[in-house]
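See below for the structure under consideration.
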Amino acid sequence: MEMPFAEVDIEEEFSPTSSIKAKNKKKRKRTTGRENDEDDLIKKKKKDQDRPNYFISVPITNSKISDGIHALQDTIIEKDGRLSKAMIHYGSFHVTLLVMHLSTEAAIDNAVSAFLKSQGLIEELLQGKPLDLSFQGTDHFRNQVGFVKLSESDNTTTLLKIAEIVKNLFQEKGIIIGDDKAFKPHLTFMKLSKSPKLRKQGVKKIDPHLFENFKNHHFGDEPMTRLDLCSMMKKKQSNGYYYCESSIRVEPGRWFLRRLADIKNDTGEKKGAEPDDAELLSLSKRLVENAVLKAVQQYLEETQNKNRQLDFGAPVKTEEPTLGNNMENGNGSRK
Ligand code: AMP
Numbered sequence: 001m002e003m004p005f006a007e008v009d010i011e012e013e014f015s016p017t018s019s020i021k022a023k024n025k026k027k028r029k030r031t032t033g034r035e036n037d038e039d040d041l042i043k044k045k046k047k048d049q050d051r052p053n054y055f056i057s058v059p060i061t062n063s064k065i066s067d068g069i070h071a072l073q074d075t076i077i078e079k080d081g082r083l084s085k086a087m088i089h090y091g092s093f094h095v096t097l098l099v100m101h102l103s104t105e106a107a108i109d110n111a112v113s114a115f116l117k118s119q120g121l122i123e124e125l126l127q128g129k130p131l132d133l134s135f136q137g138t139d140h141f142r143n144q145v146g147f148v149k150l151s152e153s154d155n156t157t158t159l160l161k162i163a164e165i166v167k168n169l170f171q172e173k174g175i176i177i178g179d180d181k182a183f184k185p186h187l188t189f190m191k192l193s194k195s196p197k198l199r200k201q202g203v204k205k206i207d208p209h210l211f212e213n214f215k216n217h218h219f220g221d222e223p224m225t226r227l228d229l230c231s232m233m234k235k236k237q238s239n240g241y242y243y244c245e246s247s248i249r250v251e252p253g254r255w256f257l258r259r260l261a262d263i264k265n266d267t268g269e270k271k272g273a274e275p276d277d278a279e280l281l282s283l284s285k286r287l288v289e290n291a292v293l294k295a296v297q298q299y300l301e302e303t304q305n306k307n308r309q310l311d312f313g314a315p316v317k318t319e320e321p322t323l324g325n326n327m328e329n330g331n332g333s334r335k
């Protein structure tokens, strides 16, 4: 089972002090007996109860990015076949914004309602501008997790702000956000915690040399148009993506419509007052810019797909492999 933030296990397993801690634990157990055993059991149970089992995901829907990661994974597997077990599957690539623990249906409902509230605030933050996330180069967390990097830009800062908005809404609802690490958005392509067998086979670290050729590779851009509240534990969808309790679309168009409605209301209230020409002009300018951008993007993608079909003589995956299918089950079923 792929678990974002399975670091709970990783930290314990791999921290240099863990073996010393384990020895001390054994010693304590021998001296104080059953009482400590029970304490340990309660502590373990408590820890399991708090362990993250849900997360907010930005799904990767651009097939260029997914194909690039696939090529990177193949390169690694060619060098060390055992690592195939550590690879994140095509279809479930995502960026985690935050993780949490939800233990009951009521807790899930509570989280869904907090999540839905974030839509308006996020659109307000973006003010009608599309948010393109650019992925370039590779890195790793303590040789345990390999990931594609998000290029530093204003858009990354905006993504951090979005994570903060969602986090605050969840916290207001009393939901425990289960992460004490600094948030560093990333796109994971492999993690050793996916397969405990690897450790037994002597694979304890990921060697970054295995993916050196991709160190500066530009994987592509992801226009962020959707956020999902996903389960780490529930059965994944048939397209490989996580089970979603709820999804929100982040569409610049809706913000424009809301602004236009606001302006209309304002002028209505002032009875006969003229709409603010400068604001209307700037809104329509941005609408046109967005439409042109979208059209160019669509044209480029269609041409790219056509060229690929000519190259390979077979149809290729469409632009958004996860997008359509994500809705087939486990998505939008609740709200
Ligand atoms: P995800 O991409 O959410 O599946 O995360 C993959 C793994 O990356 C998690 O299980 C964590 O172990 C690890 N991870 C995430 N963020 C950090 C961080 N800031 N520092 C170290 N490890 C991290």
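Read the sequence shown against UniProt numbering and you will find it ends at 335, with the numbers running on by one and no gaps.
Here a beta-carbon is modelled for each residue, glycine too, at the ideal position from N, C-alpha and C.
None of the values given here were measured: they were computed from a predicted structure.
For the options Gln144, Val112, Val296 and Lys85, the alpha carbon positioned closest to that of Ser231 is the one of Val112.
In the displayed model, Ser63 falls within a helix according to three-state DSSP.
Annotation for Phe141 indicates a beta carbon within 6 Å of some heavy atom of the ligand AMP. Per DSSP, Arg51 is not a residue of any alpha helix (DSSP H), being assigned neither H nor E. Not one heavy atom of the ligand AMP sits closer than 6 Å to the Cβ of Thr225.
Looking at the DSSP output, Lys191 bridges to Val145. At the C-beta level, His70 and Tyr54 stay beyond 7 Å of one another. Taking 6 Å as the cut-off, one finds no heavy atom of the ligand AMP near enough to the beta carbon of Lys194. For the pair Gly146 and Phe189, the CB atoms are nearer than the 7 Å cut-off. Secondary structure at Thr138: strand, using DSSP grouped into helix, strand and coil. Within 6 Å of the C-beta of Val203 there is not a single heavy atom belonging to the ligand AMP. Taking 7 Å as the cut-off, the beta carbon of Leu257 is found no closer than this to the beta carbon of Ala163. Residue state for Phe93 is assigned as coil, using DSSP reduced to three classes. Taking a C-beta distance under 7 Å as the contact criterion, Lys204 and Ala86 do not qualify as a contact pair. Distances between the C-beta of Lys167 and the heavy atoms of the ligand AMP are all 6 Å or more. With 16 or more other Cβ atoms from the protein chains shown falling within 10 Å of its own Cβ, Ala114 counts as buried.
Per DSSP, Ser118 is one residue of the alpha helix (DSSP H) stretching across Glu105 to Leu126. Using a cutoff of 6 Å, the CB of Val58 does not count as near the ligand AMP, since none of the ligand's heavy atoms is closer than that. The continuous beta strand (DSSP E) containing Ile248 extends over residues Cys244 to Arg249.
Residue nearest to Thr157 within the set His217, Lys184 and Val148 is Lys184 (criterion: CA-CA distance). For the pair Ile65 and Val250, the CB atoms are not nearer than the 7 Å cut-off. Looking only at Ser63, Arg51, His94 and Glu38, the smallest Cα-Cα distance to Tyr242 is reached by His94. With contacts defined as CB atoms closer than 7 Å, Val99 and Gly202 fail to qualify as a contacting pair. Residue state for Pro196 is assigned as coil, using DSSP reduced to three classes. Taking all protein chains in view, the Cβ of Lys181 is surrounded by fewer than 16 other Cβ atoms within 10 Å, so the residue is classified as exposed. In the same chain as Glu152, and ignoring 5 residues on each side of it, no C-beta atom comes closer than 7 Å to its own. Of the candidates Asn216, Arg226, Ala261 and Gln73, Arg226 places its Cα closest to the Cα of Cys244.
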